[in-house]
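**Q** Structure provided below as structure tokens; questions to follow.
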Amino acid sequence: MKKFVLSLVMSLMIALVLTACGPSEPAEPAPAAEVAQPAAPSSNAPAAATGQYNEAPQLATKVAAGELPPVDERLPQEPLVVTPRNEVGQYGGEQRGAAFGPQIGQLDTEALRMQSLLFIEPDLQTLTPNILKAYEWSDDYKTWTLHLRAGMKWSDGAPFTADDFMFWYEDILLNTEITPAIPVVYISGGEPMKMTKIDDVTIQVDFAEPNPNFDLTMSKSHANDRMYAPKHYLQQWHITYNDAAADLAKSENFETWVLAFQFHDTHTQAQQDTNLPDVTPWVLTSIDELGNKYFDRNPYYWAVDTAGNQLPYIDRQIAIQVKDAEVRTLKFISRELDNAGENPLPVKDYPLYVENEETGDYKVYLFDNSRGNDVGISFNQTHKDPALKEIFTDVRFRQALSLAIDRNQINEILYFGRAVVRQATIPDSVSFYEDWMGDYFAAFDLDQANALLDEMGLEWDAAQEVRLRADGQPLEIVLECWTEFCPHSEMVAEMWTDGVGVKTSMTQIERSLWLERNQANEQDAYAHPYDAIAEPNLRAANCSRLRPLDTSSYAPLWRTWYNTGGAQGEEPTDVNKQIMALCDQYAAALPGSDEYMSIGNEMATIYTEQLYSLGVSVAPRVIIISNRLGNAPTEGIFAGDYSFWVPYRGDQWYIKY
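For any residue, its number in the numbering used here is found by taking its place in the sequence shown, counting from 1, and adding 4.
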């Protein structure tokens, strides 16, 4: 906690210096890198086209030079028509967001690019066709028919057709070398979904059991490997299409063709292939020596505004590498970044952000938060150490350590009392939520906590300083976190050490290494984001948060067991198998029906009682938007449940100056 207090004091000192000493007219930031200064908009108006649609001036120049076909030929026959949030924008400029690593922490640019088959409108209820032109489903919800946009193209001009869906399905999803475990969202009744090409623009998807949630799954297809891939580009690295794929892989210093294929197929924040075609508004074109990523406008982007202007308005995105949250703050104040919401801006720094609005030429907002908790703290249920495993799998231990967290103190220090103290479970917006769930073992009660540990037989040492394991060794654990969760973790570690004798050391770790350690079953306890648990996401992702299958699994070897059908890993407990079975039943139940409500409540009840994650609180999300951004949101929900910026359509944002 001493480190945290020092950090808070330093933040306030920075605020005082910047607000007291800053000039009346903000000084230009030092030119530390190419990305420091914004590019001026190319024009205040779209370039007139000879056909039905208009385009960005930079594309019109390429058309005139014979480098691109006319805009009408680049767009599909029926492009998506987007209604701008406030007004028809102007073309030009750059959108700049922070990147906390070369492969992670880039959501403030990535979530403006994300495109799914369907779109969740800003009301967070309505689903509309997006990449798809239309879709239908059968009365029993087993068959879904998807219609593509005729004439739609990849960013390199190649046709975007049903063949790209079939390539993903047959050669990626069903290829066990590339995809050892099929995501649960594509499994029904224990069987993978079946995908069939009807014609170039029509695809049929069949499930063994009813799947009334597949529309929501399609609305988050960007999070589930998208359901399509550029066959014309990727097939050169696939052994099915290129007998020399292994040799090609070795020439690129990959051990196998699979590794080479996966490298070139990566379209997430980890993408490194700057030639990979995409259908997003901007596509990765270069990475500089500092690791900054540059995404240029997609000339074949398939959406227009209500005035017939091809989107996006903004010419380029830049994901700017920052060392940590403090560096990001300074870059905002010096006008080097345009928007921020992820990784979460600490509520404790809200005064700092507001005090520097004029200097930084931005505005600070508080958005709603649909998370079940801002942080979940889990103990490794499949720990390699038998003594720790026995302790962690005893629910009384998790109950005791939950009671040993003074959530109100954390709320006051980290959130100025703005957060809602609650347990890590489904949020109260879920239709089958019950009030007891959020309060379950969320009180601060050291007497009850110590009584539970006594009941478990975890005796104190002679000095009454630390509890002892069954083998007589001190009960010591390491609580791992990455930057955004370390203030919580440091305070929790101190509370567990001082309050109940569970000696806990907090250690900060880089996020990608954190994930590697989780997957390798090497962690004791770990803090992680506790999102993706609001009802639409429970349905869209087949209850991924409740299952031990996500990247922050509370039982890594259970995840392996489930994913390999029991061939590897460790067999889960009966109660966890019960949760998994209920998740499958929930996925097939008609939303809102008595069956759906009953299954959902039972599933959530058992999961909550198991305390697989311990929560602290849920606070508003601090959002920063540069004043030079047009059509950006000023209110709403910002959370992983709705993919952060996605409902606010980054393709219709524009640069005012």
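The C-beta atom is built at its ideal place from N, Cα and C for all residues, glycine as well.
Grouping DSSP H, G and I as helix and E and B as strand, with all else coil, what is Asp432?
**A** Here Asp432 sits in coil by DSSP.
**Q** Let me know if Pro478 comes out buried or exposed under the rule of 16 or more other beta-carbons within 10 Å of its beta-carbon.
**A** Exposed, since its Cβ has fewer than 16 Cβ neighbours within 10 Å.
**Q** Three or more C-beta pairs closer than 8 Å, one from the stretch 468 to 482 and one from the stretch 419 to 435: is that the case here?
**A** Verdict: no, contact absent.
**Q** Note down, in chain order, each residue of its chain lying with its Cβ closer than 7 Å to the Cβ of Asn134, except the 5 sequence neighbours on either side.
**A** Cβ neighbours of Asn134 beyond the five flanking positions: Leu84, Gln119, Ser120, Leu121, Leu122, Phe123.
**Q** Check Thr487 in the structure and name its three-state DSSP category.
**A** Three-state DSSP puts Thr487 in a helix.
**Q** Please list, in chain order, all residues of the same chain as Ala643 whose beta carbon is under 6 Å from its beta carbon, the five residues on each side excluded.
**A** Closer than 6 Å at the Cβ level, and outside the excluded window around Ala643, lie Asn373, Ser374, Arg375, Asp535.
**Q** Can you look up Lys393 in the DSSP assignment and give me helix, strand or coil?
**A** If DSSP states are grouped into helix, strand and coil, Lys393 belongs with the helices.
**Q** Looking only at its own chain, which residues have a Cβ that is under 6 Å from the Cβ of Val188, when we skip the five neighbours before and after it?
**A** Counting only Cβ-Cβ distances below 6 Å, and skipping sequence neighbours, we find Asn546.
**Q** Mind checking which residues open and close the beta strand (DSSP E) that includes Glu256?
**A** No beta strand (DSSP E) holds Glu256; DSSP gives it neither H nor E.
**Q** Within its chain, find whatever has a CB closer than 6 Å to the CB of Glu195; leave out the 5 residues flanking it on each side and keep chain order.
**A** Only Ala212 meet the Cβ criterion.
**Q** Would you check if there are 3 or more beta carbon pairs closer than 8 Å linking the stretch 651 to 658 to the stretch 428 to 445?
**A** These segments do not touch.
**Q** Alpha carbon to alpha carbon, how far is Val399 from Leu370?
**A** When rounded, the distance between both Cα atoms is 36 Å.
**Q** Pick helix, strand or coil for Met231, following the three-state DSSP scheme.
**A** It is coil, neither helix nor strand.
**Q** Should Trp148 and Phe258 be called a contact, given that it needs their Cβ atoms to be closer than 8 Å?
**A** Result no, Cβ atoms of Trp148 and Phe258 do not sit closer than 8 Å.
**Q** Which class does Leu150 belong to by DSSP, given the choice of helix, strand or coil?
**A** Leu150 falls in the strand class under three-state DSSP.
**Q** Within the continuous beta strand (DSSP E) that includes Thr511, where are the two ends?
**A** From DSSP, the beta strand (DSSP E) with Thr511 extends over 507 to 512.
**Q** Could you tell me the alpha carbon to alpha carbon distance between Asp325 and Asp292, rounded to whole angstroms?
**A** The sequence shown places Gln at residue 325, not Asp. Roughly 10 Å between the two C-alpha positions.
**Q** Any idea what DSSP makes of Arg422, helix, strand or coil?
**A** Arg422 falls in the coil class under three-state DSSP.
**Q** Helix or strand or just coil, what does DSSP make of Tyr298?
**A** Tyr298: strand per DSSP, three-state reduction.
**Q** By Cβ distance, which residues of its chain are closer than 6 Å to Arg402, with the 5 residues on each side in sequence left out?
**A** So the list reads Leu615, once near-sequence residues are dropped.
**Q** In three-state DSSP terms, what is Gly26?
**A** Residue placement at Gly26 is poorly supported in this model, since its pLDDT is 38, which falls under 50; the coordinates still yield a value, given next. Three-state DSSP puts Gly26 in coil, outside helix and strand.
**Q** Which residues does DSSP list as the beta-bridge partners of Phe320?
**A** It should be noted that the sequence gives Arg, not Phe, for residue 320. Looking at the DSSP assignment, Arg320 forms a beta bridge with Glu98, Asp300.
**Q** At which residues does the alpha helix (DSSP H) containing His532 begin and terminate?
**A** Per DSSP, His532 belongs to no alpha helix (DSSP H); it is in the beta strand (DSSP E), 529 to 534.
**Q** Three-state secondary structure (DSSP) at Val504?
**A** Helix.
**Q** Hey, Ala60 and Tyr95 are a contact pair by Cβ (cut 8 Å); roughly how many whole angstroms apart?
**A** Indeed, because the Cβ distance is near 4 Å, the residues count as touching under 8 Å.
**Q** Would you kindly report the start and end of the unbroken beta strand (DSSP E) that includes Phe448?
**A** Phe448 -> no beta strand (DSSP E), and no H or E assigned at all.
**Q** Considering only the alpha carbon of each residue, which of Asp300, Leu407, Thr508 lies closest to Arg117?
**A** Selected option, being the one with the closest Cα: Asp300.
**Q** For Ile186, which residues in the same chain have their Cβ closer than 7 Å to its Cβ, ignoring the five residues on either side in sequence?
**A** Closer than 7 Å at Cβ, skipping near neighbours: Leu177, Pro196.
**Q** Measuring straight from C-alpha to C-alpha, what distance separates Ala591 and Gln582?
**A** Roughly 14 Å between the two C-alpha positions.
**Q** By the 10 Å Cβ neighbour count, where 16 or more other Cβ atoms means buried, how is Gly193 classified, buried or exposed?
**A** Exposed, because fewer than 16 other Cβ atoms sit within 10 Å of the Cβ of Gly193.
**Q** By the DSSP assignment, the alpha helix (DSSP H) with Glu346 in it spans what residues?
**A** Segment 343 to 349 is the beta strand (DSSP E) holding Glu346; no alpha helix (DSSP H) there.
**Q** Under the rule that 16 or more other beta-carbon atoms within 10 Å means buried, what is Ala103, buried or exposed?
**A** Flag for Ala103 reads buried.
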